[in-house]
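Every number in this note's numbering is 328 more than the matching position in the sequence shown, counting from 1. From the three backbone atoms N, C-alpha and C, an ideal C-beta is built for every residue, glycine too. As the structure is a computational prediction, the values presented were derived from the model and not from experiment.
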Amino acid sequence: MTYKSRSLSSVSIIALVSNIVIAAPLMAQTVHITAPQTAPNDAALDTQVITGPITEYSGQLQVTVIGSRASGADATAEINIRGIKDDIEQNNSGEINIQVTGGVADSSANAGTGATAAITIDGIEGTIENDNVGSIAVKGVSKSAITSGGGHASVKVNVKAVDDRILGDNLGHLSSYAEAGEAIAQGSGNANASVEGFGTYLDVEGDNVGTIKAEGYAGTATSKTGIAYADADITGIDNDLEGENKGLIDIVAKGGDARTEGSERATSYALAIGVKGYTERNSGSILVDADNRDATAASTNGEANAAADVYGVHGNLLVENSGQISVISSAGSSETSGVSTANSKTLAVGVNGYIQNNSGHVLVDADGRDAKALSAGGNADASAEAYGTRSDLNDDNSGEIKASAHAGKAIGFKAEANAVAKGVDNTLKGDNMGIIHAEAFAGQATSTGTTGDGAFASAEVVGVDDYIEGNNSGDIVVFGQGGKATANGTGSANASVESIGVYNGIRNSDPNVTTDNLGMVAAYGTGGTASSVGGNAYGYADVTGLDGSLGGENKGLIKAIAIGKSAITQSDQIANAEGLAIGVKGDADANSGTILVQATGGTAQSANAVKANGSANAFGIGYVDGSTRYGVEGAFTNTGFIKVEATAGTANSVQDKAIAYGVVLNGATTLNNSGLIVASATGGAGAEAYQVHAGSNALTVNSYGILFNDDLTENFSGTIQADNPNNVAFNSATLHVHHSNSTKVNEAYEIPDLVAGQDVQQFAHLDTSGVVGHGWSVEAVESSWGTTNQEVIFRFAPDVSSPQLVAQQQYGVIDATQRIGAGLLTDLMFEAENAGGEGLLLSYEGTPVSDAEKAVADMAGQSNTSGSYGVFYAAPLHLSQQNQNDSLGYSASTTGVVTGYNRVISSDLIVGANVFYGHSALDFDGVYDQAKETVDTYGVGVQGAYRKDAMLFTGQSTFYHTNNTYKDSSAQAKETYDSQNLLTRVAASYIWEHGNNIFSPEFGLSHLWHSRGAFSVDNQGVPDVRYDAISNHQFSVDASFGWTGTYQVQDGELKANLRAGLRQILGDGGFKDVLRSGANGVATVRSDQDQTLARASASLDYTKGNFGASIGVLGEYGEDTRDTAFFGHVSYKF
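This is the structure we're talking about:
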C-alpha cells in the first residue's frame, strides 16, 4: 500500500526468473534473478518475491538481482523489485536482504529515444502493522544509460527498506543503500544519475529502538544541451516518528557529477534528513551527513547547483532531546559560464522546528570550506548557514547546542560567501544551564565586471536570536569572522561581522519575574577585508553580549570584543572598518559580576576622507549614537567590575576617534558603585572615555569605587560625564577604596573631582573593605577629609610570611628523618657492644667461624659474624603537622621514605649515608585561609657514631632540596619556587647500663641553613607579592633522656625505646623574609615560632638473625606546634 505518488517507470514484462520460490514466508529463501532480455531493447524486470498480505514474517529472504543489457529505441534495463508486496499484519522478525546490480541501456543509435537503467527496490512495499524486530536491508547499484538526440538517459536509483509505515516500534535494523552509475545524453535530452533512499517512506508510529541507516551516492550525469541531474535525496524516516528515538538513525547523502553544455541546469544537490516530520523524544543518536565535497555541477549557460542541505529533525521535537543530534553538510563546486546562478550554498539544521527541552547534544556544522561557486555573468553563492534549532526552545537547555558555519569561495557578477550561525533561532523560554556555542567564518567573494552587483563575505553569529525568559547559568559563546570581499565594479564589498550573544537580552515578559545572568555570555567578532573600486566597503565588527536588557543582575561574566579590519574604496563612497562592542545594550538592575568590553578600529580608506570610518566605540551597559540612547534608569548597583576599552584605527591614515563609556544613563538614576568601573579610549581628535555617561539625566551618587594607582588623575578626573554638572549630587556618599600593583604606600593620594566642572566635598564616609591582601591597609588623611581636596594614604606592613612557615614545616620533616636515623645508629652501637666487639648482632652463644658454619647460620636465620659489616635499611614515615598560630597557621600531611646504608667499622665506629623523598600537602589558615601549598622534598645525608668508653658521639648532616607549589582559591594565584637547605646535628650521650636496661642522657646542637631564590605570587583581585632571595641560619640546642630495654623473644631480640626532652631555638630563630607589594611597598618579616619545644619518641625493635624491623612514633610540641610522625623500618645486615 502506497500513500505517496512516485515517478517510476512502469514496464510490462514476461520474465524468465530462475530460482524464484513463492512459498510460505517462514522458510529460508535464496533467490537469484537475472533480468530477462525479452527483446533487444527490453531487459526490464518488475516483480516481487512474496505477495501478501501476510500475517507475520519470521523467515530469511536473500535476493540477488543482476541487470542485463538493452539496446535500441527506448532501451530499458529498468529493475523494480520488492521483497514482500503488501502488508505484514503483525511483526516482522525475519531477515530480508535485497541486492541489485543494474543493467545497461543504450539507445544512442536511435536518436530521440530514451534509455533507462534505473533501479527501484522496496524491502516491503506495504505496512508493518506491529513491530519490526528483524532486519531489512536493500542495496541498489546502477550502471549506465546512453542516448542521443532528444532522448533522456536515466540510471536513477530509488531504495526503501519499508515503502510505507511501521505502526509499532522498530526494534531491528533498516538499511537502504543507493549508488548511481553514469547517464549520458549526447543530445538535448536530460541525464539523470540521482539517488533516493529511505528507511521508511512514511511514519513510524512507535519508537525507534533499533537502527535506521540510509546512504545515497549520486553518479555522473552528462548532457550535451539538456538538464543534468546527479542529486542525492536521502531520509531516514520520511514522515513523523511519533514515539521516541532510542536507537540510531544514520544518514549519508552525496551528490555526484552533473554537466551540461547548453543553457539548461546542472544539479548535484545533496539533501539528507534524519526525520522529515516531528518526533516526540530523542534519547538516541541522529547522525546526518550531506557530503558534497566531491560533487560538481557545471553548465555552460544555465544554472549550476552543488548545494548541500542537512536536517536532523525537519519538524518539531515535542518533548525532549536527551540524546545526540549531529548534522554536517558540505557543498561542492558549481560553475556556469553564462548569466545564470552558481549555487554552492551549505545549510545545516539540527531541528528545523522547536525543541521543548534539551538536555542532550545538538551539534551542527555547515562546512563549506571546500565549496566553490563560479558564474561568469550571474550570481555565485558559496554561503554557509548553521542553526541548532530554527524555532523556540520552549523550556530549559541543560545540554549542548553548537552551530558552526564556514563559507566557501564565490566569483560572479554578484558574489556571496556569507556565513550565518545561530544556536537557537528564536526564544529560549526557560533557563539556560548548558552550553550554546555558535561560530561563523565568512569566505571569499569576488564580484566581476565594472557594473557588478557587489561582493559579500560577511559573518552573522547569534547564540540566542531572541531573548532568554529565564536565567542564564550556563555558557553562551559566539565568534564571528568576516571574510574577504572584492568588488571590481560599482557594487559594494561587505566583509563585516555581526556577533551577538543574546539578541533581545535576558528578560521575562512578566515584570515581576527577575532574570539574572549567573553564567557567561561572550561575543567575539573580527571584521574581514573589503575592497571596492566604485562602491561602499565594509570591514567593520559589531559585537554585543546582550543586544537588549538584562531584567535582573549580572552575577557572571559578559564579554564583548570587536575588532574592525579593513575597508577600502577607490571612489567617493563609504569605507567602514569600525569596531563597535557593547556589553549590555539596554537596561540592567545591578552588576556583581564582570563586564569586559573591548573595541578596536581597523583601517579605512576612501576617496572622500569624511566617509572613512576607523573608529572604535565601546559601551559597558547602554549605548549612545547621536540622539539614540539606551541605558540604566532608576536605581543601579555595581559591586563588580566593568571595564571598557576603545582603541581607534585609522581613517585615510589618520587615527580616528575612540569612545569608551562604562555605564550610560537613560533616565534619572541613583548610583551605588562599590565596585570598579574602568574606561579608557585611545584615539585621535574627539576621543573620550567616561565611567558614567549621564547626558542630560539627573544622577545621585550614594557610593563610588576608586582604584588608586599611577593613573588616578587620568582615569578618574572628570570620569562622570554630565551635560550640566549640577545634575550630579553626592548624597553623603561613601568612598570605596581599591588598590593594585601600582598603588603607592606611605604617600597621600588626593581624590580627583569625578565630575568635570564640579569642585565639592564628594565623600562623607570611607569604606576600606576593597583593600585586601595581607599587610595592606588604608586610612583617611584626617586634616583633608572635611575639605574639597580629600586624601587617603596606604600602608603595607605584613607580619607573617607563608614561605617562612613552610621552611619551618620542612625542618620538622627532615628533623624526623634524622631522629629515626639517630635511633638506628644508637641501636647498632649497643648491638656491637653487646657482641663483645666481635660485630655480633645477637647475644646468642656458639658462633660459627668457618664458611660451612656461616652457610648453616645463614640458613638458620643467624647473623653474619665478620669483624665489620653493613646494614641496609628503609624507613617509611607519615607526619601530621599543625601550626595553630592565630595570624597564620597550617595543617600539613607528609608521606615519605628514608633509605640508607650504615657500615659498622668496629664496635666503636659506625659511618653511613641516606637518601630521602617526601611529599607534603599544606592547608593554610588565618590570613592565608583558602591557600594551599604542596612540597616535594629530596634529601641526601651522611651520619656516623663513635663510642669512647661510656660516651657515645653521633653526627648527622642532610642536604635537602624542595620544590614548592603555592596556590590560593584563585586559579591565577599559583606560583612555584625552590629552596636549598642543610640541617646538621651533633650530639653526645652518656651510656649507663643496668641489667638489660640502658639509660642515656643526651645533649645536641643543630644548625639549619635555608636558602631560597626570589619569586613572586601573581594574585587575582589583590596586589601581587614579591619575595626577595634569602639565606637564613638557625641554631638550636636539645637535651633529652632515653631508656632502652632489651628482651629475648624466642629466637630473636625485642627492644623498647623511650626518649623525652626539650629543644631550644637560640636567638630569635634567625628566619626573616623581605616582602614587596604595590608600587613601593616593602616589609621585613621575622618568623614568629615556638622557641621552646618538648620532644618525645617511642619505638619497638625486633631483630632476628640478619633481619630487623621496628615501629615507632616521635613528636615535637610547643605552644603552636604539633608535629607527630609515625614510622617503621626494616633492615638487613650483611
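From N1055 to I739, what distance separates their C-alpha atoms? Rounded to whole angstroms, N1055 to I739 spans 57 Å at the Cα level.
Pop quiz: A636 and A598 are said to be a contact at Cβ under 8 Å. What is the actual Cβ separation, rounded to whole angstroms? Contact between A636 and A598 holds: their C-beta atoms lie close to 4 Å from each other, under 8 Å.
Tell me the DSSP bridge mates of V992? DSSP, once it has assigned bridges, lists H1021 as partnering V992.
Expressed to the nearest angstrom, what Euclidean distance is found between the alpha-carbon atoms of G1395 and T965? Each residue's Cα considered, the two are about 54 Å apart.
Under the assumption that P1080 contacts F1044 (Cβ atoms under 8 Å), give the Cβ distance between them as a whole number of angstroms. At roughly 5 Å, the Cβ-Cβ gap stays under 8 Å, so P1080 and F1044 are in contact.
If you measure between the beta carbons of G1228 and V1243, is that distance less than 8 Å? Yes. Within cutoff.
Let me know the beta strand (DSSP E) ranges lying completely inside the stretch 925–966, each 3 residues or longer, listed in chain order. Under the rule that a run must span 3 or more residues, the beta strand (DSSP E) segments found entirely inside the stretch 925–966 read 931–933, 944–949, 951–953, 956–958, 960–966.
Just mark G496 as buried or exposed, buried being the case when its beta carbon has 16 or more other beta carbons within 10 Å. Note on G496: 16 or more other CB atoms within 10 angstroms of its CB, so buried under the neighbour-count rule.
Is the stretch 1396–1406 in contact with the stretch 1366–1375, if contact means three or more CB pairs nearer than 8 Å? Pairwise C-beta distances place the stretch 1396–1406 out of contact with the stretch 1366–1375, as fewer than three of them are shorter than 8 Å.
Judging by CA-CA distance, which residue of N1211, R1354, V1441 is the nearest neighbour of R1147? Of N1211, R1354, V1441, the residue nearest in Cα terms is V1441.
Contact set for I577: own chain, Cβ-Cβ below 6 Å, skip 5 residues either direction: Counting only Cβ-Cβ distances below 6 Å, and skipping sequence neighbours, we find I540, G564, G602, I614.
Through-space distance from S1219 to G1443, alpha-carbon basis: Here the alpha carbon of G1443 sits roughly 15 Å from the alpha carbon of S1219.
Which residues in the same chain have their Cβ closer than 6 Å to the Cβ of S1344, if we skip the five residues on either side of it in sequence? Hits under 6 Å: D1352, R1354.
Apart from the five residues just before and just after Y1197, which ones in its own chain have a Cβ nearer than 7 Å to its Cβ? The residues are G1167, V1232, K1461, F1462.
Specify, as a first and last residue, the run of the alpha helix (DSSP H) that E1042 falls within. Per DSSP, the unbroken alpha helix (DSSP H) holding E1042 starts and ends at 1040–1044.
Please determine, among L1207, D1236, G527, the residue with the shortest C-alpha to C-alpha distance to G1195. Among L1207, D1236, G527, the Cα nearest to that of G1195 belongs to D1236.
Taking DSSP's pairing of strands, which residues face L1428 in a bridge? Partner(s): A1384, I1439.
Tell me which residues share the same chain as N722 and place their Cβ nearer than 8 Å to its Cβ, disregarding the 5 neighbours each side in the sequence. Same-chain partners within the cutoff: Y682, I683, Q684, N685, K757, G758.
Spell out the partners DSSP gives R1354 in its beta bridges. DSSP output for R1354 lists S1344, R1404 as bridge partner(s).
For R1450, which residues of its own chain have a beta-carbon under 6 Å away from its beta-carbon, when the five flanking residues on both sides are left out? When the five nearest sequence neighbours on each side are left out, the beta carbons in the same chain lying within less than 6 Å of the beta carbon of R1450 are those of Q1210, in order along the chain.
Does the Cβ of K1276 have 16 or more other Cβ atoms within 10 Å, making it buried, or fewer, making it exposed? Its Cβ having fewer than 16 others within 10 Å, K1276 is exposed.
Less than 8 Å separating the beta-carbons of V532 and G575? In this structure, G575 does not lie closer than 8 Å to V532 by Cβ.
Could you name the residues of the same chain whose beta carbon sits closer than 6 Å to that of Y1445, not counting the 5 residues immediately before and after it, in chain order? Non-local beta-carbon contacts of Y1445 in its own chain, meaning distances under 6 Å to residues more than five positions away in sequence, involve A1422 in chain order.
When you compare only the Cα positions, how much space is there between G468 and E524? Going by the C-alpha atoms only, they are around 10 Å apart.
From D953, N980, N994, pick the residue whose C-alpha is nearest to that of E961; which is it? Among D953, N980, N994, the Cα nearest to that of E961 is on N994.
Please confirm whether A823 and G855 have their CB atoms less than 8 Å apart. G855 sits close to A823, with the two beta carbons spaced by under 8 Å.
Whose CA, out of I394, T358, T628, lies closest to the CA of P364? Residue I394 is the option with its Cα nearest to P364.
Assuming E543 is part of the beta strand (DSSP E), what are its boundary residues? Per DSSP, the continuous beta strand (DSSP E) segment holding E543 begins and ends at 539–545.
Local conformation of K1461 per DSSP, three classes: Three-state result, K1461: strand.
Run through the stretch 393–441 for me and flag every whole beta strand (DSSP E) of 3 or more residues, listed as ranges in chain order. Given a length threshold of 3 residues, each whole run of the beta strand (DSSP E) inside the stretch 393–441 is given here in chain order: 397–399, 407–413, 423–429, 432–434.
Give the secondary structure of M761 by DSSP, where H, G and I count as helix, E and B as strand, and everything else as coil. The answer is coil: DSSP assigns M761 none of H, G, I, E or B.
Cβ shell of V1106 (< 6 Å), same chain only, five flanking positions each side left out: Counting only residues of its own chain and dropping the five nearest sequence neighbours on each side, V1106 has a CB closer than 6 Å to the CB of V1065, T1096, V1099, V1120, F1122.
Can the beta-carbon of L1216 be found closer than 8 Å to that of V1255? Contact: yes.
Reference V789, options N746, G1397, T776, N486, closest by Cα: Checked all of N746, G1397, T776, N486; the closest Cα to V789 is N746.
Short Cβ contact (8 Å threshold) for G762 with G727: Using a Cβ distance threshold of 8 Å, G762 and G727 count as a contacting pair.
In angstroms, rounded to a whole number, what distance separates the CA positions of T843 and A918? Taken atom to atom, the span from the alpha-carbon of T843 to that of A918 is near 11 Å.
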